[in-house]
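A.B. asks: Take 447 as the starting number for the sequence shown in our numbering and just add one per residue.
Cβ coordinates follow ideal geometry from the N, Cα and C atoms, glycine included.
None of the values given here were measured: they were computed from a predicted structure.
Take a look at the following structure, please.
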Amino acid sequence: MSKPKHPTREQWLQQAILSLTPLFKEKGYAVPKCHVSCGFASTDVKRGHIGQCWSTKASTDKVNQIFISPALSDSVQVLDTLMHELIHAVDDCENKHGPVFKKMALKLGLKGPMRSAGAGPELKVKLQDMALTLGPYPHAKLSVPAKVVDRRPRPRAKCSECGFTVPMLKAFIHYGPPICPKDKIEMAAVGNWEESY
């Protein structure tokens, strides 16, 4: 078995930044120094965030920090995600996914809704060629369970006199319906109090 070109994820990702830099340069953008590693986005792993860039203001060494999700293992997808995050680094995370980000993203060949903008057809071909040059991304994909969203309506309590309604919290539902603050009578249970939690 041949020795990989880049034995660690971080070495591969740093080389990927060097490989992506000319794409930015030819469009007039300077890629700043960035630390990059494989790790979960801090905001919410279960929402499917696959990359995150932190501003220089958040780092004591004043260098952008980029994280690529461990749920990614495909080299082209990693490059695509890294490209998106590098746009944030160029902007130092000042404009989120607004007009400034959009202008850069479209100029660089990204498509789609800006929050999830990825490589358009022409950029995808460049990233595929780049992935062949870099060699396989040295990472074993982690299977991250998808967050299950419970869309059942929360049980409520409603006053039969004035109609005042309150949602019931799991911690207090075993006490039964509360007393209406206006009419001072026990409120009626609305919805399924047995199976809602």
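1. I'd like the ranges of any beta strand (DSSP E) spanning at least 3 consecutive residues and lying wholly in the stretch 497-569.
2. With DSSP run on the structure shown, which of helix, strand or coil describes serine 483?
3. Hey, leucine 580 and glutamine 461 are a contact pair by Cβ (cut 8 Å); roughly how many whole angstroms apart?
4. Roughly how many whole angstroms lie between the Cα atoms of threonine 454 and tryptophan 500?
5. Less than 8 Å between the CB atoms is what I'm expecting for leucine 466 and leucine 528, so what's the real figure, rounded?
6. How is the beta strand (DSSP E) around alanine 462 delimited, first residue to last?
7. According to DSSP, alanine 603 sits in a beta bridge with which residue or residues?
8. Is the stretch 566-578 touching the stretch 533-547 in the sense that three or more CB pairs, one from each, lie closer than 8 Å?
9. Using a Cβ-Cβ distance cut-off of 9 Å, determine whether lysine 471 contacts chain D.
10. Alpha carbon to alpha carbon, what distance is there between phenylalanine 618 and valine 590?
11. Leaving out five residues before and five after valine 636 in sequence, what residues of the same chain have Cβ atoms less than 8 Å from its Cβ?
12. Can you round the beta-carbon distance between leucine 554 and phenylalanine 470 to whole angstroms, since I take them to be within the 8 Å contact cut?
C.D. replies: Judging by the given coordinates:
1. Runs found: 497-500, 510-514.
2. Along the sequence shown, one-based indexing puts residue 483 at 37. DSSP places serine 483 in strand when its eight states are reduced to three.
3. On the sequence shown, residue 580 is found 134 positions in, with the first residue counted as 1. On the sequence shown, residue 461 is found 15 positions in, with the first residue counted as 1. Sure, about 6 Å apart at Cβ, within 8 Å.
4. Residue numbering aside, residue 454 sits at position 8 when the sequence shown is read from its first letter. Residue numbering aside, residue 500 sits at position 54 when the sequence shown is read from its first letter. Distance between the alpha carbons of threonine 454 and tryptophan 500: 22 Å.
5. Within the sequence shown, the letter at position 20 stands for residue 466. Within the sequence shown, the letter at position 82 stands for residue 528. Between leucine 528 and leucine 466 the Cβ distance is about 7 Å, and since that is below 8 Å, they are a contact.
6. Translated into positions along the sequence shown, residue 462 becomes position 16. Segment 455-471 is the alpha helix (DSSP H) holding alanine 462; no beta strand (DSSP E) there.
7. Here residue 603 refers to the residue found at position 157 of the sequence shown. DSSP lists Val612, Ala635 as partners of alanine 603.
8. Contact check between the stretch 533-547 and the stretch 566-578: fewer than three CB pairs, one atom from each, fall below 8 Å, which does not count as touching.
9. The displayed structure is made up of one protein chain only, and chain D is not part of it.
10. For the purposes of this step, residue 590 is taken as residue 144 along the sequence shown, with counting starting at 1. For the purposes of this step, residue 618 is taken as residue 172 along the sequence shown, with counting starting at 1. The straight-line gap from Cα to Cα measures roughly 32 Å.
11. In the sequence shown, counting from the first residue as 1, residue 636 sits at position 190. Only Pro601, Arg602, Ala603, Lys604, Thr611 meet the Cβ criterion.
12. By one-based count along the sequence shown, residue 554 stands at place 108. By one-based count along the sequence shown, residue 470 stands at place 24. Leucine 554 to phenylalanine 470, Cβ: 7 Å. Contact.
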